[in-house]
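Numbering (the numbering used here), first residue to last: 10 to 259.
Every residue gets a Cβ at the ideal spot worked out from N, C-alpha and C, and that includes glycine.
Being a predicted model, the structure only gives us computed values, none of them experimental.
Inspection log for the structure reproduced underneath, given as structure tokens.
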């Protein structure tokens, strides 16, 4: 594959596309019919809700699945994702026989839409590998089968699926672009982030104004707007909330 020296971002995107194709092919070679990969730099909001991933790649799933998970809130109530966040080990799950899988006791009313969707679209069971990354990021690699295979058969693939997930993440993560690495749960402007970053260093609005060569009123407006977007009552809380979402990272 030719590397675009003048446009390294495009080259990385092309390499990442190839990497995902390889990951999906290798996962399907283990006997899975559909594959899902997701990455989020911050897995939970401060209110405890799951944050929609900044990267969600799917193969051989229904056409509407990505839209439902990203735009209709299915991701937030997905019982597999909730269990994955609580686990460091790969696991088997089943919507048809939950009591013999990681979904035991989890298919409540909150999970009803996801449960019906998975059953109705012939995606009854599978396996998921959770990866808790440095700096708080979170990944899952999920393989889905379209038949009710025995739990033991799927469980026997967990070691190989885990190896694939770790190897892919180590090699592909450097290719992620800034948009993929940014939490989009709360969106601040660059100037709002800059003002909050200086506030985190202990500077007052007047001191920040001198550093940025802006009026105190302008800096105060940026700080207040950022606090409102973050749902904060004051600047200290705004800084804490911004740090949770990694919005002050360089």
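So, are the CB atoms of residue 50 and residue 34 less than 8 angstroms apart?
-> no
In whole angstroms, what is the alpha-carbon distance linking residue 200 and residue 179?
-> 33 angstroms
Host beta strand (DSSP E) of residue 136 (start-end) | 134–141
So residue 248 packs on residue 205, CB below 8 angstroms; how close in whole Å?
-> 6 angstroms
Would you check if the distance between the CB atom of residue 155 and the CB atom of residue 132 is smaller than 8 angstroms?
-> yes
Between which two residues does the alpha helix (DSSP H) carrying residue 248 extend?
-> 244–253
In chain order, what residues of the same chain have a beta carbon less than 6 angstroms from the beta carbon of residue 128, not counting five sequence neighbours either side?
-> 104
Measuring CB to CB, does residue 256 end up less than 8 angstroms from residue 195?
-> yes
Whose CA, out of 210, 228, 150, lies closest to the CA of residue 176?
-> 150
Can you tell me which of the three DSSP states residue 34 falls into?
-> helix
How would you call residue 219, buried or exposed, if buried means at least 16 neighbouring beta carbons within 10 angstroms?
-> exposed
If you scan the segment 90–132 from start to end, which runs of the beta strand (DSSP E) of 3 or more residues do you find wholly inside it?
-> 100–103
Alpha carbon to alpha carbon, how far is residue 83 from residue 16? Give it in angstroms, no decimals.
-> Residue confidence for residue 16 is low, a pLDDT of 47 falling below 50, so the modelled location carries little weight and cannot support an answer.
Straight-line gap, residue 152 to residue 193 (C-alpha atoms, nearest Å) | 26 angstroms
Using DSSP with H/G/I as helix, E/B as strand and the rest coil, what is residue 64?
-> strand
Please determine, among 61, 197, 138, the residue with the shortest C-alpha to C-alpha distance to residue 234.
-> 197
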